[in-house]
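Peer 1: Dropping a structure here in structure tokens format, bear with me for questions.
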Amino acid sequence: MSGEGAGGSLSGLGPAGLLIAAPASASGKTTVTLALLRLLRRRGHRVAAVKVGPDYIDPAFHAAAAGHPCFNLDPWAMRPQTLAAALEKTAEDAELVVGEGVMGLFDGAPVEDQWGLAAGSTASLAAAASWPVVLVVNCQGMGASVAALAHGFAQFHERVRLGGVILNAVASDRHERLLREACDAAAMPVLAVLRRVPGLTRPSRHLGLVQAGEDESLDLFLDAAADALAAGLDEATLLATLRPASLRAQAWSPPLAPLGQRIAVAADTAFAFCYPLTLEGWRDAGAELSFFSPLADEGPDPAADAVYLPGGYPELHGATLAANKRFQAAMRSAAGRGAVIYGECGGYMVLGRSLEDAEGQSHEMLDLLAVESSLKAAARVLGYRRARLMQDGPLGPAGSAYRGHEFHYASARSDGDEPLFTVTDAAGQDRHLAGQRRGKVMGSFLHLIDREDAGA
Numbered sequence: 159m160s161g162e163g164a165g166g167s168l169s170g171l172g173p174a175g176l177l178i179a180a181p182a183s184a185s186g187k188t189t190v191t192l193a194l195l196r197l198l199r200r201r202g203h204r205v206a207a208v209k210v211g212p213d214y215i216d217p218a219f220h221a222a223a224a225g226h227p228c229f230n231l232d233p234w235a236m237r238p239q240t241l242a243a244a245l246e247k248t249a250e251d252a253e254l255v256v257g258e259g260v261m262g263l264f265d266g267a268p269v270e271d272q273w274g275l276a277a278g279s280t281a282s283l284a285a286a287a288s289w290p291v292v293l294v295v296n297c298q299g300m301g302a303s304v305a306a307l308a309h310g311f312a313q314f315h316e317r318v319r320l321g322g323v324i325l326n327a328v329a330s331d332r333h334e335r336l337l338r339e340a341c342d343a344a345a346m347p348v349l350a351v352l353r354r355v356p357g358l359t360r361p362s363r364h365l366g367l368v369q370a371g372e373d374e375s376l377d378l379f380l381d382a383a384a385d386a387l388a389a390g391l392d393e394a395t396l397l398a399t400l401r402p403a404s405l406r407a408q409a410w411s412p413p414l415a416p417l418g419q420r421i422a423v424a425a426d427t428a429f430a431f432c433y434p435l436t437l438e439g440w441r442d443a444g445a446e447l448s449f450f451s452p453l454a455d456e457g458p459d460p461a462a463d464a465v466y467l468p469g470g471y472p473e474l475h476g477a478t479l480a481a482n483k484r485f486q487a488a489m490r491s492a493a494g495r496g497a498v499i500y501g502e503c504g505g506y507m508v509l510g511r512s513l514e515d516a517e518g519q520s521h522e523m524l525d526l527l528a529v530e531s532s533l534k535a536a537a538r539v540l541g542y543r544r545a546r547l548m549q550d551g552p553l554g555p556a557g558s559a560y561r562g563h564e565f566h567y568a569s570a571r572s573d574g575d576e577p578l579f580t581v582t583d584a585a586g587q588d589r590h591l592a593g594q595r596r597g598k599v600m601g602s603f604l605h606l607i608d609r610e611d612a613g614a
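Per this note's numbering, the sequence shown starts with residue 159, numbered consecutively.
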């Protein structure tokens, strides 16, 4: 591949790419993105993926399909230099980038960005990066109306350029002809057609798809999806839509300051919700990282001066975590020797006294924070958050500001420890306290994404 719009970083700009979006959730964005990544890779392209928004599940599937790490890009939560750094890291060994959007194309936080778009939306990233959008349309029950829908999305905002459509869930040859004729009449390029194929869905649970590492049939699915897309893909036209990102690499500071010089990170199916850019930022700042599996009854490296427990699904493994005494003893030993210990969401629950699963069974946890959490008394909590530290500590001085996301079904009772953050939603409303801190042990339900610049 060569030429503008078909290569990697051009003329000093960011990587060439496009964004896969849709009118709404459940249109098939993830399936189309995975199929396209695997197919392009099979055809010899060095391709990488990015995911718009705070999602943890999809990036692992993208990485498996592309054979390349997948970074999140969040135009609400990330500073411009963080977005640029993520793109630069994505393009280190890739010639083109396919990004999967979030929700519907123009859906995001209830605040506007500089272009009047919903902050955090796929459209907002398209405007910031100057990447074209490819719209995936679920055509089940739809005929000529597909052209009106695509035309409306193409004309909605001058900063968002629609490069074409991918027709998904097409029922038959006749259905495809009808759809193509309507798009041709509206001068809307059809970049691919994906027929209704049994089995092109993935198992799910309450927070999204089952994780990539748990899916033994993932490679078979990816190849089947690629095969299904191959029959209806206009590869040359799709690749011609690629454009270099207008976000340029610049000096950046890591999203989160390193918790220590030697950071031990919990990493298994119970603790998998960790942003790759957070870890890359710590490495770039000179920290040494090691990894351990609480589910395998492993503890952090005894030489570590900090321990990070990411979110995940510990509620599905409560009995195992409660029975893993080596893990528990090693964590308490780390706390006893003064190591920094930080837990997010699921990691926060494990730092607490107990965790009640969805069936009402209570499991003893580490008792390093005065938190009792429950999935039986479930309450869905979802949304962007702005957080400020209450006191000086390992995450920074008092008043340090962060942007992040909260998505959980757990409820929690806490007492006896100091609150960690003051928190509002994206619009600056619903101010409340969040998290707990006891000395150098701390945690909350928030997933921190990036720091805020002073005065932001």
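Here a beta-carbon is modelled for each residue, glycine too, at the ideal position from N, C-alpha and C.
If contact is defined by three or more beta carbon pairs under 8 Å, each pair taking one atom from either stretch, is the stretch 454-464 in contact with the stretch 405-422?
Peer 2: The stretch 405-422, when compared against the stretch 454-464, does touch it at the 8 Å Cβ threshold.
Peer 1: Could you work out which residue in CYS297, VAL323, ARG317 and ASN296 is closest to HIS309 when comparing CA atoms only?
Peer 2: Nearest C-alpha to HIS309: VAL323.
Peer 1: Within the chosen definition, does the stretch 515-531 reach the stretch 478-489 through at least 3 CB pairs nearer than 8 Å?
Peer 2: Short answer: they touch.
Peer 1: Mind checking GLN298: buried by the 16 CB within 10 Å criterion, or exposed?
Peer 2: Exposed, by the Cβ-count rule.
Peer 1: In whole angstroms, what is the alpha-carbon distance linking LEU513 and ARG589?
Peer 2: Looking at the two C-alpha atoms, the distance is approximately 26 Å.
Peer 1: If you drop the 5 nearest sequence neighbours on each side, which residues of the same chain put their C-beta closer than 8 Å to that of TRP273?
Peer 2: So the qualifying residues of the chain are SER282, ALA285, HIS315 and ARG317.
Peer 1: Exposed or buried, GLU502, counting other C-beta atoms within 10 Å across all chains shown (16 or more means buried)?
Peer 2: It is buried - the Cβ of GLU502 has at least 16 other Cβ atoms within 10 Å.
Peer 1: Suppose you measure from the CA of GLU610 to the CA of PRO212; what does that come to, to the nearest Å?
Peer 2: C-alpha separation (whole angstroms): 16 Å.
Peer 1: Can you name the residues that DSSP bridges to VAL269?
Peer 2: Paired residue(s): none; VAL269 is not in a bridge.
Peer 1: Identify whether PRO173 lies in helix, strand or coil by the three-state DSSP scheme.
Peer 2: DSSP places PRO173 in coil when its eight states are reduced to three.
Peer 1: How many angstroms separate the CA atom of TRP289 from the CA atom of LEU176?
Peer 2: Looking at the two C-alpha atoms, the distance is approximately 5 Å.
Peer 1: Using a Cβ-Cβ cutoff of less than 8 Å, which residues in the same chain neighbour GLY444 once the five nearest sequence positions on both sides are dropped?
Peer 2: Counting only Cβ-Cβ distances below 8 Å, and skipping sequence neighbours, we find PRO416 and GLN419.
Peer 1: Using a Cβ distance threshold of 8 Å, determine whether the stretch 429-442 contacts the stretch 405-413, with at least three qualifying pairs required.
Peer 2: As far as the Cβ criterion goes, the stretch 429-442 touches the stretch 405-413, which means the pair count is three or higher.
Peer 1: Does the ligand ADP have even one heavy atom less than 6 Å from the beta-carbon of ALA222?
Peer 2: As far as ligands go, the structure on display features none, and thus does not contain the ligand ADP.
Peer 1: I need the DSSP call for TYR121, collapsed to helix, strand or coil.
Peer 2: This structure gives no information on residue 121, because the portion of the chain shown stretches from 159 to 614.
Peer 1: Return the residue from the list PHE219, ARG201 and LEU553 that minimises the CA-CA distance to GLU393.
Peer 2: Comparing Cα-Cα distances from GLU393 to each of PHE219, ARG201 and LEU553, the minimum goes to ARG201.
Peer 1: Under three-state DSSP, which class holds ASP583?
Peer 2: In the structure shown, ASP583 sits in a strand (DSSP, three-state: E or B).
Peer 1: What residue does the beta strand (DSSP E) around GLU446 start on, and which one ends it?
Peer 2: It spans 446-450 - the beta strand (DSSP E) in which GLU446 sits, taken as one unbroken run.
Peer 1: Only counting the same chain, and skipping five residues up and downstream in sequence, which positions put a Cβ closer than 7 Å to that of ALA224?
Peer 2: Only LEU195, ARG199, VAL205, ALA206 and ALA207 meet the Cβ criterion.
Peer 1: How many Å lie between ALA409 and GLN239 at the Cα?
Peer 2: Taking the straight line joining both Cα atoms gives about 7 Å.
Peer 1: Quick one: give me the first and last residue of the beta strand (DSSP E) that HIS315 is part of.
Peer 2: It is not in any beta strand (DSSP E) - HIS315 carries neither H nor E in the DSSP assignment.
Peer 1: Within 10 Å of its beta-carbon, does ALA585 have 16 or more other beta-carbons around it, so buried, or fewer, so exposed?
Peer 2: So ALA585 ends up on the exposed side.
Peer 1: Taking 6 Å as the limit between beta carbons, can you name the residues of its chain near ARG538, skipping five residues before and five after?
Peer 2: Taken in chain order, the residues that qualify are TYR567.
Peer 1: Would you kindly work out how many angstroms separate the C-alpha atoms of LEU365 and ASP573, rounded to a whole number?
Peer 2: Here the model assigns LEU365 a pLDDT of 49, short of 50, so the residue's position is not dependable, and the following value carries that caveat. Whole-angstrom Cα-Cα distance: 27 Å.
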